[in-house]
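A.B. asks: 1 is the number of the first residue of the sequence shown in the numbering used here; add one for each residue after it. Note that CB positions come from ideal geometry on N, CA and C, so glycine has one too.
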Amino acid sequence: MSDSSLLLSLVLVHILADFFLQPTAWVQARAERHWRCSQLYFHGLIHFGLNLLLLILWYRLSWSAVSVISVFSLALLIAVSHLLIDVAKSYFTGLRYFVLDQLLHVLIIMLVWLYLTDTGYPALLNLATGLLRAEHLLLLLAYLLLMKPASVVISLVLTKISAPATNAKQGSPAAGHLIGIAERLLILTLILAGQYSGVGLVVAAKSVLRYNDLRDSHDRALTEYILLGSLLSFGFTLLIAIILLKFLPFRAAGSW
Numbered sequence: 001m002s003d004s005s006l007l008l009s010l011v012l013v014h015i016l017a018d019f020f021l022q023p024t025a026w027v028q029a030r031a032e033r034h035w036r037c038s039q040l041y042f043h044g045l046i047h048f049g050l051n052l053l054l055l056i057l058w059y060r061l062s063w064s065a066v067s068v069i070s071v072f073s074l075a076l077l078i079a080v081s082h083l084l085i086d087v088a089k090s091y092f093t094g095l096r097y098f099v100l101d102q103l104l105h106v107l108i109i110m111l112v113w114l115y116l117t118d119t120g121y122p123a124l125l126n127l128a129t130g131l132l133r134a135e136h137l138l139l140l141l142a143y144l145l146l147m148k149p150a151s152v153v154i155s156l157v158l159t160k161i162s163a164p165a166t167n168a169k170q171g172s173p174a175a176g177h178l179i180g181i182a183e184r185l186l187i188l189t190l191i192l193a194g195q196y197s198g199v200g201l202v203v204a205a206k207s208v209l210r211y212n213d214l215r216d217s218h219d220r221a222l223t224e225y226i227l228l229g230s231l232l233s234f235g236f237t238l239l240i241a242i243i244l245l246k247f248l249p250f251r252a253a254g255s256w
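1) At which residue ranges does the region 183-249 contain complete alpha helix (DSSP H) runs of 4 or more residues, listed in the order of the chain?
2) Across the region 96-111 and the region 71-86, are there enough close Cβ pairs to call them in contact, namely three or more that are closer than 8 Å?
3) Locate the alpha helix (DSSP H) running through residue 3, then write down its first and last residues.
4) Please report how far the alpha carbon of residue 125 lies from the alpha carbon of residue 157, in whole angstroms.
5) Measuring only the C-alpha atoms, how far is residue 56 from residue 68?
6) Can you give me the C-alpha to C-alpha distance between residue 113 and residue 97, rounded to a whole angstrom?
7) Taking only the alpha-carbon atoms, compute the straight-line gap between residue 6 and residue 221 and give it to the nearest angstrom.
8) If you check the beta carbons only, do residue 52 and residue 75 fall under 8 Å apart?
9) Use the C-beta contact count for residue 79: other C-beta atoms within 10 angstroms, 16 or more gives buried, fewer gives exposed.
10) Under the three-state reduction of DSSP, which class applies to residue 101: helix, strand or coil?
11) Could you pull out every residue in the same chain whose Cβ sits closer than 7 Å to the Cβ of residue 232, ignoring the five residues on either side in sequence?
12) Using only the alpha-carbon positions, how far apart do residue 178 and residue 66 sit?
13) Three Cβ pairs or more, each shorter than 8 Å: is that satisfied between the region 126-133 and the region 193-203?
14) State buried or exposed for residue 256, treating a residue as buried only when at least 16 other CB atoms are found within 10 Å of its CB.
15) Compute the Euclidean distance between the alpha carbons of residue 32 and residue 101, then round it to the nearest angstrom.
16) Considering only residues of the same chain and omitting the five flanking positions on each side of residue 119, which have a CB-CB separation below 8 Å?
17) Please state if the CB of residue 142 and the CB of residue 242 are separated by a distance shorter than 8 Å.
18) Would you mind stating whether residue 11 and residue 50 have Cβ atoms separated by less than 8 Å?
19) Look at residue 188 and residue 146 and say whether their C-beta atoms are less than 8 Å apart.
20) Confirm, please, whether the CB-CB distance from residue 225 to residue 181 is below 8 Å.
21) Can you list, in chain order, the residues of its chain with a C-beta nearer than 8 Å to that of residue 61? Leave out the 5 residues immediately preceding and following it.
22) Just to confirm my understanding: we take residue 138, look at its own chain, exclude 5 residues before and 5 after, and list those with CB closer than 8 Å. What are they?
23) Less than 8 Å between the C-beta atoms of residue 37 and residue 29, yes or no?
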C-alpha cells in the first residue's frame, strides 16, 4: 500500500465512521449528555476498530519497520483524540464549530500518517509549495472576492436605491445573501471550466424563480431593485472571470 493510499484510506475510515456509522440519535445524545453519553464511547470503538484493521492491513502489506504495538497505539491515539474532540464539540453548535471539529480530526490523521511514512513530509512540502504559486493565489483571491467583498459592494450600490418594503413572503435576507454567494461561485467555476451552457442554465433558473415572485407581487420598484442586484452580482462575477482568464495560464477549455 502506497503512502498516498494510506492517507486516503485513513480519511475514508474517518468519513465512514463519522457520517455513515454514527446515527443521528447518537449525535443528539452527545449534544445533550456530553461525556456521560454511552453512544460517544461506542462511536470511539468504531473509530478504533476500523483504524486498527486498516493499520494492520497496511503493516502486513508494506513490511514497515513500525512495530505492532505502535500500530495498536496509533489506532488508539486516533480514537481517543476523536473522543476528546467530539466531547469538546458537543458543548458548541454551528457550522464554524463543525468545520473546526473536522479539521482537528484530519490534523490528527495527518500527524499519524506523517509518523508512519517516509515520504509524507516531502509530499506535503511539495504540495504547499505548489499551492503557493502565483496563479493559485490569484484563483483563491478571485473566489474570496466573490464572497463577502462582492456582497458588500452590491449592498453599497443598492443603498442608493430605497429598498422596497419587505414582507414575510420575501424570505430571509441572510438566505438571499448566501444564495448570491453560491450563485457567483458556481458561475465563476463554470466559466473557468468552459461550461458556458451551465452558466446559462443557472441564470435561467434564477430568472424563472424570480419571475414567479415578481409576477405575484406586482411591484415595479421591487422588480427594478432585484434586477439591479442580479445584474451587479452577475457583472461582478464576469469581471473577475475575465481577469482570471487573462492572467492565468489556462483557458476556459479546461486545461489546468
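C.D. replies: The answer reads as follows:
1) 196-217 and 220-247
2) yes
3) 3-15
4) 43 Å
5) 8 Å
6) 24 Å
7) 59 Å
8) yes
9) buried
10) helix
11) 154 and 157
12) 48 Å
13) no
14) Residue placement at residue 256 cannot be trusted, given a pLDDT of 43 that sits under 50; what the coordinates show is reported in the next sentence. Under this definition residue 256 is an exposed residue.
15) 17 Å
16) 3
17) no
18) no
19) yes
20) no
21) 1
22) 244, 247 and 248
23) yes
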